[in-house]
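As structure tokens, the structure follows; a few thoughts come after it.
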Amino acid sequence: MVEDVLVWDGSGLRPADAGTDLLVADSWLVDDGAIAGLGHHRDRFVTACRAAGVSAGAFFDAVPAHLPTHGRLFPRVELGAGAELRLRVRPAPPTGTEVVLAPHPGPDPRVAPRTKGPDLVMLGGVRARAAELGAGEAVLCTADGTLLEGAYSAVVWWRGDVLCVPAADLPVLDSVTRRRIVDEAARRGVEVRRERVVPADLDGLETWSLSALHGIRAVTGWRGCAVTAGAVERAETWRGYLAAELTSV
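Per this note's numbering, the sequence shown runs over residues 882 to 1130.
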């Protein structure tokens, strides 16, 4: 499948040449027409666009009608310069259920950590450097070493039966997949605890990397630090919980 680009003209989406600059972006997996958490993606994208002075609700609501209902897709909605709203209909890259992490050397390099879009290209370089160490994802930390999230993912971990997530005041993206996991935990009576940790604090703990593309990836190794991955005990069960929430285009 070749990537298709559609631009919003105020009343509909039309094929057009589009810019590549990113002020805001959001993406999600579509698998034979099934989507997870689309309402959350809408909220995050529309809210970020509103903060930039652009109304994007009608644009987003027009998007599902332009998504094929067969095959695996990873569409992306974008806000570019000049209030340009666009949709990229793209094939989904390969997905996986496991990942190796590597802390990024140095403090978080993002300029807009709470907004998905402006830092995406730069973060691709961050992840490429992690790949040189044999890792599939880079972990971002503050200047004092506090763990934030992955370059393209959220990070959560388990302490016994308690699901742990980064402290609320840390500069992290409002991850849709993390939100879905936390909501599911609330429905099932699972305690959720907010923590400030450094990577070493996760030694021996079951840890997950979360994203719209991969869903839950169990962390099976660490590179560039003396951290041992914990046993993977819950990931498959929780993937099943998330799969039960899929809706159709």
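C-beta atoms are modelled at their ideal positions from N, C-alpha and C, and glycine is treated no differently.
All figures in this text were calculated on a predicted structure; none of them were measured in a lab.
For my contact list, residue i and residue j are in at a C-beta cut-off of 8 Å; report their separation, rounded to the angstrom.
i, j, result
"A983", "V1036", "Actually they are not in contact, since the Cβ atoms of A983 and V1036 sit about 12 Å apart, beyond 8 Å."
"R957", "D907", "7 Å"
"R1008", "E1018", "6 Å"
"A1107", "V1057", "About 32 Å; that fails the 8 Å criterion."
"A917", "E1117", "Contact flag wrong, Cβ pair sits at about 16 Å."
"T1182", "G914", "Only positions 882 to 1130 of the chain appear in the structure, and residue 1182 is not among them; the question remains open."
"V935", "L960", "6 Å"
"V981", "A1016", "5 Å"
"R1115", "W1039", "7 Å"
"H947", "L894", "6 Å"
"V1078", "P945", "The Cβ separation is near 38 Å, so there is no contact."
Might you give, ordered along the chain, the residues of its own chain that have their beta carbon closer than 7 Å to the beta carbon of residue i, omitting 5 neighbours on each side?
i, result
"E979", "R1098, A1099 and T1101"
"A1112", "E1087"
"T996", "V905 and A929"
In the DSSP assignment, find the unbroken alpha helix (DSSP H) run with residue i in it and report its ends.
i, result
"T928", "L919 to A932"
"W1119", "A1116 to A1124"
"R1059", "V1057 to R1068"
"A946", "First-last for A946: undefined, no H or E at that position."
For residue i, collect the residues of the same chain with a Cβ closer than 6 Å to its Cβ; drop the 5 residues on either side in sequence, then sort them by chain order.
i, result
"V1002", "none"
"H985", "V1007, A1019 and L1021"
Can you tell me where the beta strand (DSSP E) with residue i in it begins and where it stops?
i, result
"L1001", "Counting along the chain, L1001 falls outside any beta strand (DSSP E), though it belongs to the alpha helix (DSSP H) covering L1001 to A1012."
"T996", "Note, T996: premise wrong, no beta strand (DSSP E); not H, not E."
"G1031", "L1028 to G1031"
"G1102", "G1096 to W1103"
Can you tell me whether residue i is buried or exposed? The criterion is at least 16 other CB atoms within 10 Å of its CB, across all chains shown.
i, result
"T1149", "Nothing about residue 1149 can be reported from this structure: the residues present for the chain run from 882 to 1130 only."
"P1047", "buried"
"D989", "buried"
"V1043", "exposed"
"D1000", "buried"
"R1068", "exposed"
Can a CB atom of chain C be found closer than 8 Å to the CB of residue i?
i, result
"V944", "This model lacks chain C altogether, as it is built from one protein chain only."
Contact between the segment 962 to 978 and the segment 937 to 947 is defined here as three or more beta-carbon pairs at a separation below 8 Å; is this criterion met? yes
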